[in-house]
Each structure stands twice: as structure tokens, then as C-alpha cells.
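Number of protein chains: 2
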Amino acid sequence: MSKLTDVPKRILIGRALRSDRLGETLLPKRIALPVFASDPLSSVAYAPGEVLLVLSIAGVSAYHFSPWIAVAVVVLMFTVVASYRQNVHAYPSGGGDYEVANTNLGPRAGLTVASALLVDYVLTVAVSISSGVENLGSAIPFVVEHKVFSAIAVIVLLTVMNLRGVRESGKLFAIPTYVFVAGVFIMIAWGAFQTLVLGDTMKAPTADFEIKPEHQGLAGFALVFLLLRAFSSGCAALTGVEAISNGVPAFRKPKSRNAATTLALMGGLAVTMFCGIIALAMASGVKMAEQPATDLIRDGQAVGADYVQNPVISQVAAAVFGQGTFFFVVLAAATALVLFLAANTAYNGFPLLGSILAQDRYLPRQLHTRGDRLAFSNGIVLLAGAAMLLVGIYEADSTKLIQLYIVGVFVSFTLSQTGMVRHWNRHLRTERDPAVRRRMVRSRAINAFGATFTGLVLVVVLATKFTHGAWVALLGMVMFYGVMSAIRKHYDRVAAEISAPDEPGDETARPSRVHSIVLVSKVHRPTLRAVGYAKLMRSDKLEALSVNVDPAETKALRAEWERRGINVPLKILDSPYREITRPVIEYVKSIRRENPRDAVSVIIPEYVVGHWYEHLLHNQSALRLKGRLLFTPGVMVTSVPYQLQSSEAAKRRAKKRSEWNAPGAVRRGPVDQRHHHKERAQQGAKD
Amino acid sequence: MSKLTDVPKRILIGRALRSDRLGETLLPKRIALPVFASDPLSSVAYAPGEVLLVLSIAGVSAYHFSPWIAVAVVVLMFTVVASYRQNVHAYPSGGGDYEVANTNLGPRAGLTVASALLVDYVLTVAVSISSGVENLGSAIPFVVEHKVFSAIAVIVLLTVMNLRGVRESGKLFAIPTYVFVAGVFIMIAWGAFQTLVLGDTMKAPTADFEIKPEHQGLAGFALVFLLLRAFSSGCAALTGVEAISNGVPAFRKPKSRNAATTLALMGGLAVTMFCGIIALAMASGVKMAEQPATDLIRDGQAVGADYVQNPVISQVAAAVFGQGTFFFVVLAAATALVLFLAANTAYNGFPLLGSILAQDRYLPRQLHTRGDRLAFSNGIVLLAGAAMLLVGIYEADSTKLIQLYIVGVFVSFTLSQTGMVRHWNRHLRTERDPAVRRRMVRSRAINAFGATFTGLVLVVVLATKFTHGAWVALLGMVMFYGVMSAIRKHYDRVAAEISAPDEPGDETARPSRVHSIVLVSKVHRPTLRAVGYAKLMRSDKLEALSVNVDPAETKALRAEWERRGINVPLKILDSPYREITRPVIEYVKSIRRENPRDAVSVIIPEYVVGHWYEHLLHNQSALRLKGRLLFTPGVMVTSVPYQLQSSEAAKRRAKKRSEWNAPGAVRRGPVDQRHHHKERAQQGAKD
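Sequences listed follow chains A and B, in order. Residue 261 in numbering that gives the first Met the number 0 sits at position 262 of the first sequence, with consecutive numbering throughout. Residue 335 in numbering that gives the first Met the number 0 sits at position 336 of the second sequence, with consecutive numbering throughout.
Written as C-alpha cells, this is what we have:
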């Protein structure tokens, strides 16, 4: 099977790299940009539309406010980009918002950011895929007619790809992202040329529609509130900006500077595209309504429930290139693909954050291990399940989902920037070099402004979106926070319980002698091997033990034992009720009762088989006995495996599993570098 | 929780017996009769109705054949009872049909009987509960209006009771069974008195109905076929007769004679009740139709789909006692209760047969252990699932389910009786005492007649019922047969693979030295205990091993190791990709490569926690590592458990599990006796 799927995989994403060569795959800026920017750049596919949607509530006249809202979004984008450029320089380890908040504001702030980010990853998948389906649907109507089904199909596809460990490559991201960016720029340029130079009037498919305002003639506070809500929606364009700050180690040297440059480049591209699309939408007369079925009027009549409201970007493309033309279809496909790639970044980020949280004991420790397929699988399945749930509940409607989206982003923006202010404060306390101090003060000012601005936006988002769905995101955050606190508490309690006492001579750890028992049911190779191994261990006392559940079998066992002259005494326990576990446990306890300082070593021969159904047929008594023995103090339990021929299949499967590639490797950069940087950063933080 | 449920349990079924006192609970005949006869006696609640149903196809005039069919059923019942009295004497071990067929006709016949019995148990549950719900419904219409739901609710209730291990007691069976038997006899006597002495005309609720025959004026072969089909349906009265032959060890001494007497008593009661109910049905003018909705005519009109056709026994009770009277309700309740008890016997028989089959390696070996809750649970859940499936598919319609029922019974009757003929033949070859020989020849004649008669009935049942549903039962048997053969084949293959070679000096079993490795992640109590135990084992080489997934932690570990002066060398493995399993496996392999005759002992400290969710938080790396190590040749894996405080809860749960009572204990009799008898029987068979 592997052979068959390898060929298309290689064609798609290039020859897989051996993991020890991972260190060589550092990203040049031209590849880093698409790798990290697919999420923020793709948001321009839905953010402009959301602004128009909200404004339409006050009627089409409110569309005139859209340039001002665009300006506000641009200012915010510049603020956030400038702030994160400071993060990138201060935390070249790729710490990310969680680490920044955790280090500078304490564990509660860190956990809050982590909860916000986890919710955010789920929403990135749900929103990006829903929007991708809507964009694809403007070219292929079938997709949008079966919207929920299509969205879930894409989630399943991404999940399977990531579970199988398809190794990403920079190229996979580069081609659609550059096609998308180029397409949007060509569209903007060609639209501007047509309007300004040729003087043509572009007409969007909805140019002749009218909008029935839900609230005619809004003014005063109500209008301000509506504009703030439109601004909140436009802030969707900022989602994903923080991704680069996690990925500094993946950049070529000078890492921090390259990352900062890429960040600036990304911000510049995003705002240009955002503003360009809004401008074209205004010029071509795009009409969008929150309730299109009743509020969009065509020829004096509401368009009705059958009407599909296409995304702004596709309406603009229809106006500029013409509906269904080659350019139109290419742009729609590239838009959808970039949105799906954006969703894929959450598949990388979610388990990565999980592994960092596991390191801090907020999540099960085994998630910490990098490249551990099982750990990643759990994260991926959890993410996909939650995203599918949301897609199902909100019927893959990106507009509804976006109401939930922005809270988490701005929680982490605000806390991260506040943390950065503290970071500079701490460093300024010790730093004496005036040039460095000047730079730090400047950075602190930028971060302080960023924290204030994003904090304000958070308040605005909460105020305007809470009843529209933001409460769901908050609830999700509270749940993550609660579970992670509980896990941490459990680990702390266990750590206190098992911490080694300082004075030596702890009785429980130092029994005086070992009494070994080999469990025997028949004389066969596994038994002989277990007896052989047990003899090698030279314990103080060694005996073989069998439970008499069938007198005839026991008699045969005893005869065979003597015939072979096995020089280990064979003890038979009676079991009138044909139990195995209880007599053994009682015997072990009786040994401990007689010699409380003895340790008992129970040695169990085990078959190793290859298939799960074979497992059902073997070792069940042994497994249950082992389970019970673990609760008996002063006992150690040894399995002596005997590999049956069929176990080869299972061995191959296990090996294949261990060669699995964890997703997100490219974005994360090589591990040793990461570790190196992190240690430096931690040392820096401790200064 | 245990405390709360114990009180009603004690009230219901008496104080639970300690299992070592089980030997004292031998059954007197007056208790043995209800314990074993609830299944065959309860069948008179549906068998007479099935006869009338089939006859109604030829119109109400065909009802006149019903006494002849009753006679045929009575003759068959006497034959079967007489035959099984021979089994009871020949196999006082309670061998049952499987053992008789297996011993005398070979493993294929045995497996066929076993498959038939397993299918039969499933159908006993489905049929008895469906019929019980119908009977209860004649008093409480709600139940029959929600028939499938009620039937499934009863199955769930029985399943939960049996999973929890409610200990049956003879009294539990005695009261409803005797109430039922007494009720039916009072009904027959009172009905006869009314009709014969008082000269009243009893009228069943359906007395004035007419039946539209599906085939008017059947004659010749078609009529014979219909009568045979009616006879086949009447044979449902024989299901469960073989139960006593499994339960001889549970009787008081003289066991075999008491069992034989009980068997005769049961046969006598069953045929009297069967004939009495048919006679009352004739006298009171009961009308039943296979398709009541269209074929039952009331006042010239079909009764329609809303009509609920009550069972014969309840229609007769309505005629004799009057609908809704005290006696009517008591009889309906007792009938339903006896039918539910009959279903419960399958819950005991199914896992018991499973444990015997497991002993012969047709089912996973762990099912063999008596009183093993897990093994019984699997059997109970399988049984309940299959029965629920059938109830769902056949809409809890006892008439439809009975079409499937009788095949299995007669397969095992026929093979068992044929086996008995062989049994006597073999004994006659060596027996010299003329008195004993005479008895044996008589027994052989009875069994030969029984085999011929039941074989004929089997052919009749197959011919008349195959297309009506018997094929489903056959398919079920084939499936059980196939799975059990495959399991046996697997065990045989493994046994051949692991059988110990006769010449000593097998290299694989005798490594020369042991290299022990204690896995260490931190210095805490579990680690210290593991190191302490490892030292006691005095292996040839001992070292502690840690995987460096985090340089800072590793540094701290090394410092602590030195500070404490632990005199075991600490080896650190590098793991640039933060894996744990792979470096350890490779290291173990490298040891084996350098010294192929060394065995490697890997010692893993483990926490023992109390709750499943705590399990998720601990030992996962250890578990996975153990899983992989089992596939590595020349390795033994030792767990050194460290019991955390929370493990107490799990220990209590495990202890409670081990004190669980397996269902069916009363019917089976005490084990040691059983074993004793069985050995004698086997020795007898070997003579």
C-alpha cells in the first residue's frame, strides 16, 4: 500500500526527507512567506465581505463608511505587525504568544493565551474551510449546494493527510499562495486600469440589486455601534499574523531579521489586497446583505431562500474578468486552495502547541514527544472533531463562524503584547548600554501601543459580537482552561507524592531479598525460555508456579517437568473454582506476609502475536494477572516474550509507525536549533 | 453503591453465599424442577397457539386436526424424555449434548451440536421475551403497544442483572414457576368442570370471529404438508428439555435417579398443560390467524392492522376466569415471569457452554476460567446483542421468531441420541454382566428410537420451515461453526510452533548472561524503588538509562544522580527528535548485536493510578515502549509498580470484581463434584 501511495505523494510534494536531514531544510524568505502567510493572506478572501455585510444592516448608504473601516483595519494591521516584529527579535526561539505570556505575566496568563489559541485553531479550520467551499462554489455550484457535506469532506481529507503524516514542503504552500496573491493584484490592477484609464463601468453580478435596510437611518450611538461591529468583522483579516513569531527557527540566518522582514512583507501584502478588494467592490457596486433571502431586492422582489450570496472576492472577479472566464476560475480555485492551506496550518499548530503545553504539564506528558504519531493523532482528531462539530452546527456558514473567531486572536494579541512590555521593563532594569536601552525603550513603546490598541479592539469585539456567537468561543476557552488546570494539578499532586526523600535508607525502596516465581501452565518453548531467563537472574529463591484448574493437565505438567529434569522446584496451587488470578495473588501476598522485606518477582511467559484478533486468543489471563499484581505492594512483574511467526507482521507495522512524519515540521524548523535557541532565550529571561 | 443495592437483592434472593460454601447448595427435586423446567414449561405459553396459527391457513375446519397434532407432540415428548433419561444415567457429569456428541461421534459432530446450541440460546432469549411481552400485554396493553421497546427493555434488564452477577437461587425460580403451573392446572380443571359438569359454554374473546382461509379446501399432499408444519410449530414445546442433562451434578444424591425422575415429572407436566390448553382453546372457540389483520373476520369485516392477537393461553384464561379478573391477571403475570426466567436460563447456559468450548480450544482460552467475570461478560453481551438484533428485525413477534427456533434444538437432539447409540455399542463390546447388558440394550433401543424420531422431526422442520426463517438459524450455526473451527486451527498451529523440542540445549532458551537496564526519567521514589529491585537481582551488568529529550532536565538528572551517590552507572542516550522508544530499542539491539548470547532485562518504573483518566496521564511512553520491546528478541521487560494513593480505589474495584458471582452457579452444581464426575466419565469413555 505504501508503495502505491508513494508515487503521487512524491509527485505532489517531492521526495520525502530522512528525518536526520531535517536540519538542512531552513526556509529562504521567498518560501517562508507563503508557508507562514497562507493563513493571514487568505483572510482577505472573507474579511472585506464581512465588513459590507454588517454595514448593509443600515442600508446601502452605509457602504460609504467602508473606506474608513478599511483604514482602521490597516492601522491595526500595521500596529500588530510592528508589535510582532519586536517579539521576533526578543524571542528568536519562536516562543509564540503562549511562551511570552507565560514567561512575563505568569502561568495564568499563559494558560489563558493557550486556551485562546486552541479555540482559535479550531475556528481557523472551520472558518477557512467554510469560506474555501464558498469560494470554490462560485466556480462550481455543486460544492456550495452541498456546503456542509463539502466542508466536512475537506476536513476529513485534511485529517487523513495529516494523520498519515504527509510531509509538507515549502513548494506545496508557495504555488497556490503566489497564484492567489498574483491573481488578486492582477485583478486590482486590471480593475483600476479599466475604471480609471479606459473609463469602463465594471458591474458586479449584484450591482443592480437593492438592499432593504434592517434599520433605516441609524444614527448616533447605534451607528457607532454598527461601525464598530463592522470593524470587528474586518479584524478577521488579522488572524494568523502571529504565526511567524512561532516559526523563527525555521528561517535562514539572520533568523530574526529575516522573520521580521517577512512579517512586514506579509502585512503590506495583506492590507493592499484588503483595501483593493473593498475599493473594487465599491466601484463595481457589489451588494451583500446579512439576510440575503429577504433583504436583497432584485427587480423589486426579495431574491428568496434559493439565492446563493457569493463572496465579495468572487463577485469582484466576475466584474473585472467576467463570470466563468479563465482568470475567474483560476482565482476562485487559488482562493479555495489557499484557504484550505490556511486550515492545514491549524493542523500543524494545534499539536505543536499541545506538545509545548504538555512540557509544562498542562496536557498529558506523552504529547510532548516530538514526532510521536500517537500524540499527534490525538490532537489532530480532537481538532478535526471540534471543527466538524462547528461546521455542522453553523451549517458551514463562514459569516456565522466569524462571529466566534476573533475573540481568541485578540485575547492572545493583547496578553502577548502586555507580556512584551513587561519583558522590556525587566531588561531595562539591568541593561546599561545606552544604544541598547534606546532600542528597548522604542520596542516597549511599540508593544505598549500594540497592547492598548489590541486590548481596545478586544473590548469592541466582545461588546459587538458577544451575543452573536463570541460567547461560544469564550465557553470553549473556559473549558480548555479548566481541563488543563485540572491536569496540571494532578501532575503536581503526583509529583509531590513520589518525590524522593532526601535521607537515604528508605525502607520501601530497599527490600533485602528476591523471591522469584515463574508462572507455568504447560512445558513449551515460551515456558522454557522464561525459566532459562529466570535462572540467569540468580534471585535468592526461584520456583515455578502452576495453578491447578484441571487435574489431568496438572498431572501431565508435573510428569513432563520431572521427565525433563528441570532443576527448578514446581509448586502447584489448588484452585477449586478454576480461578487463576486469585490463587496467585494470595500466594504472593503470603510470601510477603512471611518475609515482609522480600521482594517478589513474578515472571510471566508471553506469546507475541501479530493481529489484534490473535491477541484476543492469548495472554488474557496473563494480562489480567499483571493488572492485579501491579496493585500488590513489593512485587515486580516480568514479561518474557516469545515471538510467534505471525508477530513479524505486527513488528513491521510498529516500525512503519515509528517512521511516520509529524506534520508541521517545516514550519517549526529543526529541533536541535530550536532547543539551542530556547535555552538561550530562557537564560536570557533569567538574566 | 454496593450497600444500597444489596438490601433489595437480599430481600429478593436471600443472603449471598460465600463461594466456598457453594458445595452445600445441592438441589432437592422440588427446587430442581422449577430451576430446570422454566424453559420447557414456559413453552406451553406459545406452542399451542403456533399450532392453531398454522392450521388456520386451511380455515377453521382444520382446527379439528389439532388433537392429532397434540398427540404427535406428546409422543415426541415421551420419546425425548425417555431418551434423555438414558443420557442422565450414562453421563452423571452433566455432559450435555455437546459432550455426548463430541465423545461418541467425533469433534465435527460436537462442534455442530455446539453451534446449534449457541444459536438456540440466542433464540431462547428472543422467543421467550417476545412471548412474555405478548402475555404481559394481554393484561397491560401498554406493553404490547410498545412491543419492541418492552422486549428490548427486558433484555437490557436481564443483561444488567447477569452482568452484575446476581446470584440465582432456587426460590427465585420456584415461586413463579409453581404459580404458573398451578394456575394452568386450575384453569384446566375449572374449565373442564364448567364445561362437563355445569354444562356452561365458555366463550373466548375471539369465539365469534371467523377465519378467512388463505387456502380453501386443502387436500392431499398440501394438507399433509400443512399438518407437518403445524406439528413442527408444536415442537416448540420441546425446547429446553435437554437442560436437565447438563445439570445432573446440581442434584442431591442419588443424582442420576433424581434427575431422571425430575425429567419425567417435567415431561408429564408439560404435555398435560399443552394438551389441556389446546382442549380449552377448542372448547372456548379461540380463533387465531397467521395474518390476523386480514384473515380474522369480526361481524363480516377484517379486524384490521390495529387488532392485537392475544396468545392462546390468555384467551383461554379470559374464557375460563373472565377478562381482567384477579386470576386472569395473576396467570398473565406468572406466564410472563416464567418466560423471562426461561430467557434467563440462556444467560446461564451460553457462557457455561462457552467455557466448555474454550476448554476444547474452540473459543478463547480465557473463557474457560469459571467465575471469571470478564469471560462471562463477553458471552452475556454477545448473547444479548444477538437477541436484541433478532427482536429488532422480527419486531418482537414470537410467531416469526419461532420459525427459526426449532432447527437448533432438533439438530442437537438427533446428534446427541445418535451419540448415545454409539456410546452403548462401545460399552456393549466390553460389558460381560448379562443384567447390565440387558439394561444397556434397552437403553440403546430407546436412544435409537429417539435418534430416528427426532431426526425425522428435524427433516420435517427443515422442509416446512426453511423458507419461513429456519435458514437464518442455519446460517447462524454455520457462522459459529466457522469461527470456532478457525480458532481451534489457530491454537493448534501455535501449539505446534511453541511445543518444546525434546533434545535439551535449545540455544534460544539459554542465554549466557543478563544485561539489566533500568529506565530513568527523574530521581523520584518509583525510580529509586526500581533501582533497588534491580540491584537485588544481581544481573551480570546493571546500568540506568535515560533518554535526553530535554538537555536541562537531563543535566538536572545527572546532578541529582551524583549527589545521591547512586552506585549504578547512568547512561544517557541522545535523542535529537525527542523520541523515547526508538533510541531505547536501538540501544537494546546494539547490546544484543555485540553479545548475541546476552539477554537484556529492561526494568521500567511504573505509577499505578486509580482512574482511567489518570491512566491517560501516566505511563503512556512506558506502555508503548513495552509494546515495542516485546517484539525485540532476547529481551525481558520488568514493571516495578509504585502504588499512588489514588490506586486504592482501583484496588478496591479489582477486588470487588474478583468476588463477583458467575451466573448459572445453582444450575451447574459445585465444581469439585463436577470435576470428579467428569474424570470418572472420561475414564469410563476410555475403557
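We put the beta carbon where it would ideally sit given N, CA and C, even for glycine. Note that this is a predicted model, so its numbers are computed, not measured.
| Asked | Found |
| --- | --- |
| Three-pair Cβ contact test at 8 angstroms for the region 333 to 344 of chain B versus the region 33 to 48 of chain B | yes |
| 8 angstroms Cβ cutoff, B/S37 in contact with chain A | no |
| Backbone CA spacing between B/R251 and B/H422 [nearest angstrom] | 26 angstroms |
| B/Y97 at chain A interface by Cβ criterion, 8 angstroms | no |
| Assigned secondary structure, A/A304 (DSSP; H/G/I helix, E/B strand, else coil) | coil |
| Cβ-heavy atom distance, B/N343 to the ligand PLP, below 7 angstroms | The ligand PLP is absent from the structure shown, which contains no ligands of any kind. |
| DSSP three-state assignment for A/T688, whether helix, strand or coil | Beyond the ends of chain A as shown, which are 0 and 686, falls residue 688 of chain A; an answer cannot be given. |
| 7 angstroms Cβ shell around A/A317 - same chain, five flanking residues per side excluded | A203, P204, F327 |
| Segment contact flag, the region 296 to 311 of chain B with the region 186 to 194 of chain B, C-beta cutoff 8 angstroms, min 3 pairs | no |
| Nearest-angstrom Cα separation, counted from B/R591 out to B/E585 | 10 angstroms |
| For A/H489, the first and last residue of its enclosing alpha helix (DSSP H) | 469 to 497 |
| Interface flag, B/H489 vs chain A, CB-CB below 8 angstroms | yes |
| Contact set between the region 517 to 529 of chain A and chain B, restricted to residues whose Cβ is under 7 angstroms from the partner | V522, H523, R524, P525, L527, R528 |
| Coil, strand or helix - B/T111 by DSSP | helix |
| 9 angstroms Cβ cut-off: residues of chain B touching A/R512 | L535 |
| B/R9 to B/F230 span [Cα, whole Å] | The predicted model places B/R9 with a pLDDT of 41, which falls under 50 and marks its position as unreliable; any figure quoted below should be read in that light. Taking the straight line from one Cα to the other gives about 44 angstroms. |
| Whole-angstrom C-beta distance between A/P595 and B/L535, which should lie under 8 angstroms | With 8 angstroms as the limit, B/L535 and A/P595 do not qualify as a contact, their Cβ atoms being about 15 angstroms apart. |
| Boundaries (first-last residue) of the alpha helix (DSSP H) holding A/R537 | From DSSP, A/R537 is part of no alpha helix (DSSP H); its letter is neither H nor E. |
| Assumed close pair B/A472, B/V380 - CB separation to whole angstroms, cut-off 8 angstroms | Actually they are not in contact, since the Cβ atoms of B/A472 and B/V380 sit about 21 angstroms apart, beyond 8 angstroms. |
| Contacts of A/A558 in chain B (Cβ-Cβ under 9 angstroms) | Result: empty, since nearest Cβ-Cβ is about 14 angstroms, beyond 9 angstroms. |
| Three-state secondary structure assigned by DSSP to A/F250 | strand |
| Chain A within 8 angstroms of B/L643, Cβ atoms only | yes |
| Under 7 angstroms by beta carbon: chain B residues contacting A/A649 | F630 |
| Cβ contact (3+ pairs, closer than 8 angstroms) linking the region 445 to 455 of chain B and the region 72 to 81 of chain B | yes |
| Cutoff 8 angstroms; reference B/S645; Cβ partners in own chain excluding five residues on either side | V608, G609, H610, E613 |
| Minimum C-alpha distance to B/A221 - residue among B/A61, B/P640, B/M439 | B/A61 |
| Coil, strand or helix - B/M287 by DSSP | coil |
| Short CB-CB distance (under 8 angstroms) between B/I445 and chain A | no |
| Sheet register partners of A/A598 (DSSP bridge) | A/V513 |
| Cβ-based burial, A/G284 [other Cβ within 10 Å; buried from 16] | buried |
| Range of the contiguous beta strand (DSSP E) that encloses A/M635 | 634 to 642 |
| Under 8 angstroms between C-beta atoms of A/A125 and A/A386 | yes |
| Coil, strand or helix - A/G22 by DSSP | Low confidence applies to A/G22: its pLDDT is 44, below 50, so where it sits in the model is not reliable, and the reading given next is rough at best. Helix at A/G22. |
| Range of the contiguous alpha helix (DSSP H) that encloses B/R421 | 397 to 429 |
| Residue nearest to A/E633 in terms of C-alpha spacing, selected from A/K254, A/V50, A/A621, A/A598 | Per the sequence shown, the amino acid found at residue 633 of chain A is Gly instead of Glu. Residue A/A598 is the option with its Cα nearest to A/G633. |
| At least 3 beta-carbon pairs within less than 8 angstroms: the region 434 to 449 of chain A vs the region 97 to 117 of chain A | no |
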